[in-house]
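Participant: Okay, handing you the structure first.
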Amino acid sequence: SSLEVHLMVEKPENHIKSFINAGGDIIIVHYETSNYLDRLIQTINEANVKSGIALNPATPLSAIEFLINKIDILLLMTVNPGFGGQKFIPEMFTKIEKARKIIDNQKKSISLAVDGGINLDNISNVVKAGVDIIVVGQIIFKSANPEMTTKKIKNLLN
482 SSLEVHLMVE KPENHIKSFI NAGGDIIIVH YETSNYLDRL IQTINEANVK
532 SGIALNPATP LSAIEFLINK IDILLLMTVN PGFGGQKFIP EMFTKIEKAR
582 KIIDNQKKSI SLAVDGGINL DNISNVVKAG VDIIVVGQII FKSANPEMTT
632 KKIKNLLN
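This is the structure we're talking about:
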């Protein structure tokens with residue numbers, strides 16, 4: 482099993498080493514929270530830890546053009562971060578499709594992940610748009626029967 486650390490914090494550079502030392506296998510930082518993103522990604526990679534960048538819905542993909550080949554995961558936030566239970570922003574389908582094309586043009590294997598507003602109605606279309614990893618929360622934990630909901634998700638993905 483692996484420990485994925487998604488740092489939704491200001492100045493993640495103050496926390497990176499702690500999470501590397503704690504055994505984080507994957508560390509994802511938000512593009513919008515650091516002026517030192519290139520150095521942060523380098524620190525993570527030099528520690529033999531997988532690195533990722535999360536982009537908020539309003540941040541364009543062009544923002545990480547210069548870093549895409551240095552990361553292992555691109556995480557697209559499909560809601561505005563900070564509050565659970567928000568609705569998936571429909572315009573994110575286009576962003577997911579564009580991100581998939583950018584990733585497919587790289588020489589390196591990069592996973593495309595999404596986080597926010599995923600439900601039983603949109604999960605199939607999210608996968609069709611080109612996503613490798615789907616982060617789910619409310620859909621399971623607010624469900625009357627989390628086990629059954631998890632089975633439904635797995636069925637939709639297979």
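Under my numbering, think of the first position of the sequence shown as 482, with each following residue one higher.
Just so you know, even glycine gets a beta-carbon here, dropped at the ideal spot from N, CA and C.
Would you list, in sequence order, the uninterrupted alpha helix (DSSP H) runs of no fewer than 4 residues that lie entirely inside the region 569–598?
Facilitator: List check, alpha helix (DSSP H) in window: 573–585.
Participant: Looking only at DSSP bridge pairs, what is Leu555 linked to?
Facilitator: Paired residues: Ile534 and Leu593.
Participant: Would you please verify whether the beta carbon of Glu546 is less than 8 Å from any beta carbon of chain D?
Facilitator: Absent from the structure: chain D. Only one protein chain is present.
Participant: Assuming Val616 is part of the beta strand (DSSP E), what are its boundary residues?
Facilitator: Ile614 to Val616 is the span of the beta strand (DSSP E), which, as asked, contains Val616.
Participant: Using 8 Å for Cβ pairs, my map puts Phe644 next to Gly598. What's the rounded Cβ distance?
Facilitator: Any answer about residue 644 is impossible in this case: the structure gives the chain only from 482 up to 639.
Participant: Within 10 angstroms of its Cβ, does Ser590 collect 16 or more other Cβ (buried), or is it exposed?
Facilitator: Per the 10 Å Cβ criterion, exposed.
Participant: From this set, Thr559, Ser515, Met629 and Ala528, which residue's C-alpha is nearest Lys545's C-alpha?
Facilitator: Reading the sequence as shown, one finds Ile at residue 545 and not Lys. Checked all of Thr559, Ser515, Met629 and Ala528; the closest Cα to Ile545 is Ser515.
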